[in-house]
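Contents: one structure, followed by commentary.
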Amino acid sequence: MIANPWTPYGLGDDPFFQEPLAPTEDPARPVSLFVGRVAELQLLGGQIVGSRSSRAVVQGPAGVGKTSFVNRLKAAVAAHGVLTHAEPVRVQPGMSPRQFCGEVLRVLLQIRATVGAAVAGTAPEAVGKGEAGQGGRRPRARGAVRAVGDAVGSLVAGIAGDVGADLGGDDEAAFWRRIGRIVEGEDSVAAGIGVAGLSAQRERVRIPGEVGDLSLFAEVERALALLAGGEDRRARGAGARPAPRRVLVHVNNLENLSVEDARAAAVLMQSVRDVFLAPHGHWLFVGAGDVERNVFRAAAQVSGIVPVAVTLEPLAPEEVAELLARRYAHLQRGRRLVPPISPEVAAGLYARYHGDLRNFLRLLSRAVQQQAVHAPGVPLDEAGVVRMMAPVYWREAVAALGAGDAEHLAAAYRGQSVGAELRVADVAGRAGVTQAAASRLVQRLAASGALAHARTAGKSVYYRLGAGDLSVALGLVPR
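So in numbering that gives the first Met the number 0 the end of the sequence shown lands on 478, straight run, no missing numbers.
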């Protein structure tokens, strides 16, 4: 019999979801569940709302919560009238400057579509109904509406023509229609008449986009200017002209780049540098912990225009406890709530993951769902989670590392506690291999991410487990 495993705990859904929080008040994953990062939000938000244009980098290790942070920032600045979009511009390997600008224009079209729909009175919901600060009231966003990924077709087919006069006139509408053709292509209907007029044919023909044949710098600059200067018809009718709006562009995929890809990304950023200086544009680049150094500080021309880089550190244990408490309260159904894993117990498990929030939450979700098969509604403590998931994670470790290396790693950590550090000599002694073999083993495990450098003391190099999942696989207990 299939049943919702969360119902016995008084929950309607999985509180350990790993998807990012939405940039809107999505009922499933609202930004009101966001915890921490207050100083970072204030720094970047102040730069966006306090300048004509800006550029900043958000970096951090995988799983630390960068996307949720950016979505929380989008909601906060939208409350100050900043226009933004849901899906980021994604940098792809081998991307040319024209292709990059084409992807930027694609999201600007999305923003334009929702602004046009708002003026037409069909999309009043604003991005960023979330509170401007932790625990504060929820101001309504002014002039910023949620960007939806599939709105371009509506824009090209209808909104640009019907609402174009309300947002700048026929010239502007024609510009947006042209941009739609450039980045999306368009459908055209070809008609024909058969012999003696006895038959007629209609065939829909797809005209491809034109990104590869054009330089799009000027188009991006004009699109930003038009979005910043669009007027609400009622305000214009009353004779009032609103202040220029700001447009936030989120650029992603600068994550885990190879050396070659990082060099290519640095060259790309240098090639499109002038686009980033366009008035009213605010650019947020998101990537791994070394993206600032490898991509944005590689050339002086780019480094000089990207003054701010925020590195997201792991959440503190008390913040993780608060995060789960908020999720439990949000998903509670009925009067009785039994936390499947108490926030305090979860905070202890989180210490194994060195800030990898995503895989930490994945562990909790899998453990409770396994528990629901045998004892639904019964909470788990730390020992219970490890006992439940150790066999599952051990099989995954063997598949990833190979049986031999996994067995040697287990021997090296036998009898150790969470957070234990090892030298090559320790591995050699405990695994029963030569110093040379232990050195090669440690190199392989470090290359795979199973081990990570912890510290160096004199001539001794110490390593720790590189993944929290391995501490579970090896059944390590807290200190």
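Ideal Cβ positions, reconstructed from N, Cα and C, are used throughout, including at glycine.
Values in this document were obtained by computation on a predicted structure and should not be read as measured data.
Just checking, does the segment 346-365 make contact with the segment 15-34 on the three C-beta pairs under 8 Å criterion? yes
Is there contact here, the segment 313-322 with the segment 82-98, by at least three beta-carbon pairs under 8 Å? no
Our contact map puts V422 next to S459 with C-beta atoms below 8 Å; I'd like the distance itself, whole angstroms only. Position 423 of the sequence shown, counting from 1, holds the residue named residue 422. Position 460 of the sequence shown, counting from 1, holds the residue named residue 459. One detail in the question is off: residue 422 reads as Arg in this sequence, not Val. Yes, R422 and S459 are in contact; Cβ-Cβ is about 5 Å, under 8 Å.
Find the nearest neighbour of A466 within the set A446, A456, C100, judged by alpha-carbon distance. On the sequence shown, residue 466 is found 467 positions in, with the first residue counted as 1. Comparing Cα-Cα distances from A466 to each of A446, A456, C100, the minimum goes to A446.
DSSP beta-bridge partners of G280: As a first step, residue 280 is located in the sequence shown; it is residue number 281 there, counting from the start. In DSSP, G280 forms a bridge with V246.
Whose C-alpha, out of V372, R439, N293, P375, is nearest the C-alpha of G403? Residue numbering aside, residue 403 sits at position 404 when the sequence shown is read from its first letter. With distances taken between Cα atoms, G403 lies closest to R439.
Going by CA-CA distance only, name the one from A74, L408, A287 that's closest to A30. Within the sequence shown, the letter at position 31 stands for residue 30. The residue you asked about is not Ala; residue 30 is Val in the sequence shown. It is A74 whose Cα lies nearest to the Cα of V30.
Inter-residue Cα distance where the pair is N252 and V290: The sequence position of residue 252 within the sequence shown is 253, counting from 1. The sequence position of residue 290 within the sequence shown is 291, counting from 1. Between N252 and V290, the C-alpha separation is close to 10 Å.
Classify H79 as buried or exposed, calling it buried when 16 or more other Cβ atoms lie within 10 Å of its own Cβ. Walking along the sequence shown from the start, residue 79 turns up at place 80. Looking at its Cβ environment, which holds 16 or more other Cβ atoms inside 10 Å, H79 is buried.
What residues in its chain sit with their C-beta under 7 Å from that of M268, if we drop five residues either side in the sequence? In the sequence shown, residue 268 corresponds to position 269, counting from 1. Result list for M268: V294, F295, V301, in chain order.
Go ahead and label L360 buried or exposed: buried means 16 or more other beta carbons lie within 10 angstroms of its beta carbon, across all protein chains shown. Taking the first residue of the sequence shown as 1, we reach residue 360 at position 361. By the 10 Å Cβ count, L360 comes out buried.
Euclidean distance between Cα positions of A222 and R351: Position 223 of the sequence shown, counting from 1, holds the residue named residue 222. Position 352 of the sequence shown, counting from 1, holds the residue named residue 351. The straight-line gap from Cα to Cα measures roughly 47 Å.
Assigned secondary structure, S416 (DSSP; H/G/I helix, E/B strand, else coil): The residue labelled residue 416 in the question sits at position 417 within the sequence shown. Strand at S416.
Tell me whether I110 is buried or exposed, calling it buried when 16 or more other Cβ atoms sit within 10 Å of its Cβ. The residue given as residue 110 occupies position 111 in the sequence shown. So I110 counts as buried.
For Q331, the three-state DSSP class (helix, strand or coil): For the purposes of this step, residue 331 is taken as the residue at position 332 of the sequence shown. Here Q331 sits in strand by DSSP.
Below 7 Å between beta carbons: does that hold for Q370 and L379? Indexing the sequence shown from 1 puts residue 370 at position 371. Indexing the sequence shown from 1 puts residue 379 at position 380. Contact: yes.
First through last residue of the alpha helix (DSSP H) which encompasses H373: Counting from one through the sequence shown, the residue named residue 373 turns up at place 374. Looking at the DSSP string, the run of the alpha helix (DSSP H) that includes H373 is 356-373.
In chain order, each alpha helix (DSSP H) run of at least 4 residues that lies wholly inside the segment 404-472: 423-430, 434-447, 467-472
Which partner residues does G62 have in the DSSP bridge list? As a working note, residue 62 is residue 63 in the sequence shown. Partner(s): none; G62 has no beta bridge.
Could you tell me the distance, in whole angstroms, from the CA atom of L10 to the CA atom of L107? Translated into positions along the sequence shown, residue 10 becomes position 11. Translated into positions along the sequence shown, residue 107 becomes position 108. Each residue's Cα considered, the two are about 39 Å apart.
Going by C-alpha distance, which of E318, V248, V266 is nearest V285? Residue numbering aside, residue 285 sits at position 286 when the sequence shown is read from its first letter. Comparing Cα-Cα distances from V285 to each of E318, V248, V266, the minimum goes to V248.
Pick from S50, Q415, R176, G376: whose alpha carbon is nearest that of Y8? Here residue 8 refers to the residue found at position 9 of the sequence shown. Closest option to Y8, Cα to Cα, is G376.
Using a Cβ-Cβ cutoff of less than 6 Å, which residues in the same chain neighbour E420 once the five nearest sequence positions on both sides are dropped? For the purposes of this step, residue 420 is identified with residue 421 of the sequence shown, where counting begins at 1. Closer than 6 Å at the Cβ level, and outside the excluded window around E420, lie A453, Y461, R463.
Identity of the residues DSSP links to R89 by a beta bridge: The residue labelled residue 89 in the question sits at position 90 within the sequence shown. Per DSSP, N251.
Specify whether the segment 407-418 and the segment 39-52 touch according to this definition: at least 3 beta carbon pairs, one from each stretch, less than 8 Å apart. no
Can you tell me whether DSSP reads G11 as helix, strand or coil? One-based indexing of the sequence shown puts residue 11 at position 12. Of the three classes helix, strand and coil, the one that applies to G11 here is coil, per DSSP.
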